[in-house]
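Okay, so here's the structure we're looking at.
Residue numbers (our numbering): 27 to 278.
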């Protein structure tokens, strides 16, 4: 697993009046300035910010930084006082993402090595599980008030194999969400909390379609969503969680 660190620029400007105030006295000079703001001018700004040249302004991205600097230049031109880091309009926020290193990621079942990206994919983790027995874990989901698929199954020190098409069978997304975050566990979390050392998710039509499989592989290798370092857990996950292709699932 590799971690990638980047710096995300956030724009800050100190305005003269508090946003919480309900009544703002506008001077004649300010009224004159406001009258100079035209629909054409606003349209030009918006078209620049939303142009294809900004490449979607992903976080983080060169396009996003260009737009931030464009806004900062205009704020300076309009007389706004900067309130960011070191007297600038920007604040540095450290972001990071995790990604899989294919050369350091392996899976072997019954002595047969499986190929990364073809036979299996994995969630980025620094953990491993060797010579562990395998047990069946149903759909793997824990939902309070519903039958527990791991009830009566000794999963301690074992790898749990599950099959799920995204949600517990018979439940809609709205029903699952209504149960409450503290009353549900996804298959990997449930298996880990029950004492398992890893989880293998069998491929489903949704996860193993050519487009979905390739999209997931790229995300795993290049890194997914970025998160703010300040809010990241102190330790990274050490629980191996892999998804098998349709062919590998049938072989298992």
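Using N, Cα and C, we set each Cβ at its ideal position, and we do this for glycine too.
For the beta strand (DSSP E) holding residue i, just list the boundary residues, first then last.
i, result
"residue 139", "138 to 140"
"residue 135", "133 to 135"
"residue 172", "Careful: residue 172 lies outside any beta strand (DSSP E) and carries neither H nor E."
"residue 149", "Counting along the chain, residue 149 falls outside any beta strand (DSSP E), and DSSP gives it neither H nor E."
"residue 124", "116 to 125"
"residue 161", "160 to 162"
The alpha helix (DSSP H) with residue i in it runs from where to where?
i, result
"residue 67", "65 to 75"
"residue 93", "88 to 104"
"residue 81", "Here residue 81 belongs to no alpha helix (DSSP H), and DSSP marks it neither H nor E."
"residue 54", "54 to 61"
"residue 234", "231 to 234"
"residue 267", "Per DSSP, residue 267 belongs to no alpha helix (DSSP H); it is in the beta strand (DSSP E), 267 to 270."
Can you round the beta-carbon distance between residue i and residue j to whole angstroms, since I take them to be within the 8 Å contact cut?
i, j, result
"residue 158", "residue 224", "7 Å"
"residue 270", "residue 220", "So it is not a contact: roughly 21 Å between Cβ atoms."
"residue 181", "residue 155", "About 12 Å separates the two Cβ atoms, so there is no contact after all."
"residue 142", "residue 131", "5 Å"
"residue 83", "residue 90", "4 Å"
"residue 86", "residue 163", "Residue 86 to residue 163, Cβ: 38 Å. No contact."
"residue 229", "residue 272", "5 Å"
"residue 153", "residue 265", "5 Å"
Should residue i go down as buried or exposed, given a rule of 16 or more other Cβ atoms within 10 Å for buried?
i, result
"residue 74", "exposed"
"residue 241", "exposed"
"residue 116", "buried"
"residue 196", "exposed"
"residue 43", "Annotation note: pLDDT 47 at residue 43 (below 50); position unreliable, coordinate value reported separately. Exposed."
"residue 187", "buried"
"residue 190", "buried"
"residue 234", "buried"
"residue 126", "buried"
"residue 259", "exposed"
"residue 33", "Note on residue 33: pLDDT 43, under 50, position unreliable in the model; no value is reported."
"residue 246", "buried"
"residue 185", "buried"
"residue 282", "With the chain running from 27 to 278 in the structure shown, residue 282 is simply not present."
"residue 60", "exposed"
"residue 183", "exposed"
"residue 76", "exposed"
"residue 275", "buried"
"residue 137", "exposed"
"residue 236", "exposed"
"residue 222", "buried"
"residue 6", "Examination of residue 6 is not possible in this model, given that the chain is present from 27 through 278 alone."
Might you give, ordered along the chain, the residues of its own chain that have their beta carbon closer than 7 Å to the beta carbon of residue i, omitting 5 neighbours on each side?
i, result
"residue 133", "140, 146 and 268"
"residue 238", "232"
"residue 168", "174, 210, 211 and 216"
"residue 254", "119 and 121"
"residue 29", "The predicted position of residue 29 is uncertain, since its pLDDT is 46 and thus under 50; a value taken from the coordinates is nonetheless stated next. If we look at residue 29 and ignore the five residues flanking it on each side, its Cβ neighbours are 122 and 124."
"residue 172", "194"
"residue 135", "278"
Can you list, in chain order, the residues of its chain whose CB lies under 6 Å from that of residue i, leaving out five sequence neighbours each side?
i, result
"residue 108", "114 and 115"
"residue 263", "151"
"residue 227", "188 and 269"
"residue 160", "185 and 187"
"residue 129", "none"
Enumerate in chain order the residues of its own chain whose CB-to-CB distance from residue i is below 8 Å, with the five nearest sequence positions on each side excluded.
i, result
"residue 88", "81"
"residue 243", "143 and 147"
"residue 111", "117 and 118"
"residue 165", "175, 188, 189, 190, 194, 195 and 213"
**OP:** Could I get the ranges of all uninterrupted alpha helix (DSSP H) runs contained in the segment 187 to 227, with 4 residues as the minimum, in chain order?
**Re:** 199 to 205 and 213 to 219
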